[in-house]
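>
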Amino acid sequence: MEAFLLQTPAEPKVGLKDFIFIKNIGIGGFSLVYLVKKKDTGKFYALKLIDKEFIIAKKKQQIVLNERNIMTLLNSPFLLHLAYAFESR
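Per the working numbering, residue 370 is the first one in the sequence shown, and the count goes up by one each step.
1) Put N393 into one of helix, strand or coil per three-state DSSP.
2) Does the contact criterion of 3 or more C-beta pairs under 8 Å hold for the region 413-424 versus the region 390-404?
3) Can you list, in chain order, the stretches of the beta strand (DSSP E) that have 3 or more residues and sit fully within the region 399-426?
4) What are the start and end residues of the alpha helix (DSSP H) that includes E456?
5) Given this structure, state the Cα-to-Cα distance separating K392 from S457, to the nearest angstrom.
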C-alpha cells in the first residue's frame, strides 16, 4: 500500500507509524481512505492508502502521480488540503 500526504522540507520524515487509524471512511477503485489522528499533534486527517502492486500491474502510476501533483497545487476552501505525501512498504 502507498499513502500520499505531502511533506514540507522543514518537518522530520512522517510515515504510517505517526498516525493512529480511527476508521475506514471511503473505498475507491484502487484505494482505501481512513480517518487518522497524528500522534504528536492530535490533528485529524484523511489518509489515502493505494495498493502499489495493483497500480503497477494495471499501469496506473501516472494517474496516481497526477492526482498528487494536482492536490499540491489546489488552494480552495471547498477541497481538502494535501498535508503530507509519503511512500511506505
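Glycine is no exception: its CB is placed at the ideal position from the N, C-alpha and C atoms. All values reported here derive from a predicted model rather than from experimental measurement.
In brief:
1) For the purposes of this step, residue 393 is taken as the residue at position 24 of the sequence shown. In the structure shown, N393 sits in a strand (DSSP, three-state: E or B).
2) yes
3) 400-407 and 413-419
4) As a working mapping, residue 456 is identified with position 87 in the sequence shown. Here E456 belongs to no alpha helix (DSSP H), and DSSP marks it neither H nor E.
5) Looking up residue 392 in the sequence shown gives position 23. Looking up residue 457 in the sequence shown gives position 88. Taking the straight line from one Cα to the other gives about 19 Å.
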